[in-house]
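Chemist: Residue numbers (this note's numbering): 5 to 169. Quick one: this structure, given as structure tokens, is what I'll be asking you about.
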Ligand code: COA
């Protein structure tokens, strides 16, 4: 039987940035298929709806093959098991990410020892980007084209013009 390696790349993606896309591009080189999954988290105040986030991801990654875009509620490891994944992808931008990511990876490993967390490091030029800082720059009229794709840039500009960013 043919063995297919499958990884889940979970996150808020509110919205997706070029840093996330860089991590995704590295992940598809290592796995046969990657599911980029928007985590539904009612505790984290979000800007884009889940459907908007999924739509922006789809529009932003059209040139990347073997990727499915999805969303999930509940534990990441439960979703990963349900999908038949053997790995969870997380990006590590800086040392400041490490402690939180380490804690999350160890918690996930103790919940499900069959699923490994794989950390990937985005290019240095994307290390300082986060969805919040990109939204703040867009809201204050700054240029975000270095940090997000054209569809996300348009979405942020339209939201800013409507005063909803
Ligand atoms: N490029 C740019 N930005 C990046 C990035 C990258 N490569 N990697 C992370 N970020 C930014 C995000 O934009 C986000 O910025 P923001 O806070 O300004 O929105 C921030 O880093 C957090 O990243 P994200 O990957 O979205 O993590 P998160 O903390 O919001 O979500 C989940 C993490 C969803 C994976 C985690 O909460 C989870 O697994 N939830 C499900 C419940 C669960 O299983 N809990 C048990 C785990 S202990």
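Every residue, glycine too, gets a C-beta built ideally from N, C-alpha and C.
(1) With distances taken Cα to Cα, identify the nearest neighbour of residue 113 among 148, 80, 60 and 168.
(2) Beta-carbon within less than 6 Å of residue 37's beta-carbon, same chain only, minus the 5 sequence neighbours each way: which residues are those?
(3) What are the residues that DSSP puts in a beta bridge with residue 74?
(4) Take the Cβ of residue 153 as the centre, count every other Cβ of all protein chains shown within 10 Å, and call the residue buried at 16 or more, exposed below.
(5) At what residues does the beta strand (DSSP E) containing residue 13 begin and finish?
(6) May I ask which residues mark the beginning and end of the alpha helix (DSSP H) holding residue 159?
(7) Is the beta carbon of residue 131 sitting closer than 7 Å to the one on residue 98?
(8) Got a sec? Which residues, its chain only, sit under 6 Å from residue 83 by beta carbon, not counting five neighbours each side?
(9) Going by other Cβ atoms of all chains shown within 10 Å of its Cβ, with 16 needed for buried, is residue 166 buried or exposed?
(10) To the nearest angstrom, how far is it from the Cα of residue 20 to the Cα of residue 126?
(11) Comparing the CB of residue 106 with every heavy atom of the ligand COA, is any distance shorter than 6 Å?
(12) Tell me, please, whether the segment 101-111 touches the segment 53-69 by the rule of three or more beta-carbon pairs shorter than 8 Å.
(13) Determine whether the beta carbon atoms of residue 164 and residue 139 lie at a separation below 7 Å.
(14) Would DSSP call residue 51 helix, strand or coil?
(15) When every heavy atom of the ligand COA is checked, does at least one fall within less than 6 Å of the C-beta of residue 64?
(16) Residue range of the alpha helix (DSSP H) that residue 144 falls in?
Modeler: Based on what the coordinates show:
(1) Stepping through the chain shown from its first residue, residue 113 is reached at position 109. Residue 113 has its Cα closest to that of 80, out of 148, 80, 60 and 168.
(2) As a working mapping, residue 37 is identified with position 33 in the chain shown. Hits under 6 Å: 10 and 70.
(3) By one-based count along the chain shown, residue 74 stands at place 70. Note: residue 74 sits in a beta bridge opposite 41.
(4) For the purposes of this step, residue 153 is taken as residue 149 along the chain shown, with counting starting at 1. Burial call: buried.
(5) Sequence index remark: in the chain shown, residue 13 carries index 9 (1-based). Note, residue 13: beta strand (DSSP E), 10-15.
(6) In the chain shown, the residue the question calls residue 159 occupies position 155. Its alpha helix (DSSP H) spans residues 154-165.
(7) Taking the chain shown and counting its residues from 1, one reaches residue 131 at position 127. Taking the chain shown and counting its residues from 1, one reaches residue 98 at position 94. A contact, by the Cβ cut-off of 7 Å.
(8) In the chain shown, residue 83 corresponds to position 79, counting from 1. The answer, listed in chain order, is 76.
(9) Counting from 1 along the chain shown, the entry for residue 166 is found at position 162. Burial is judged here by how many other beta carbons sit within 10 angstroms of a residue's own beta carbon; residue 166 has fewer than 16 and is exposed.
(10) Residue numbering aside, residue 20 sits at position 16 when the chain shown is read from its first letter. Residue numbering aside, residue 126 sits at position 122 when the chain shown is read from its first letter. When the Cα atoms are used, residue 20 and residue 126 turn out to be separated by approximately 14 Å.
(11) Counted from its first residue, the chain shown places residue 106 at position 102. No, the ligand COA has no heavy atom inside 6 Å of this Cβ.
(12) Contact check between the segment 101-111 and the segment 53-69: fewer than three CB pairs, one atom from each, fall below 8 Å, which does not count as touching.
(13) Position 160 of the chain shown, counted from the first residue, corresponds to residue 164. Position 135 of the chain shown, counted from the first residue, corresponds to residue 139. No, the Cβ-Cβ distance between residue 164 and residue 139 is not below 7 Å.
(14) For the purposes of this step, residue 51 is taken as residue 47 along the chain shown, with counting starting at 1. Three-state DSSP puts residue 51 in coil, outside helix and strand.
(15) The residue you call residue 64 lines up with position 60 of the chain shown. Flag unset: Cβ of residue 64 not near the ligand COA.
(16) One-based indexing of the chain shown puts residue 144 at position 140. Residue 144: not part of any alpha helix (DSSP H); DSSP gives it neither H nor E.
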